[in-house]
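Step one of this worksheet: look at the structure below.
In the working numbering, the protein residues as written are 498 to 578.
See below:
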């Protein structure tokens, strides 16, 4: 190879390298800008049963109590083969 072809190869390599990083930088910038925007919640996005629930309204809460008939044997696991 002569020196001219090596120079052309290096020019294309540097251009491709620069374009790759410019593309990655632009895509990450647009991704971060998209993540900073607030999301819009539409009524159609909600589950049909949750459309009548207002924001901040308290829903049903389940607090399980300790098992009072614990016989000290621990958990019983079922193994199906």
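Virtual Cβ for every residue (Gly too), placed ideally from N, Cα, C.
| DSSP-derived helix/strand/coil call for residue 536 | coil
| field | Simplified DSSP state of residue 550, which is helix, strand or coil | value | coil
| Euclidean distance between Cα positions of residue 543 and residue 536 | 13 Å
| task | Classify residue 558 as helix, strand or coil using the three-state DSSP reduction. | result | coil
| Simplified DSSP assignment, three categories, for residue 513 | helix
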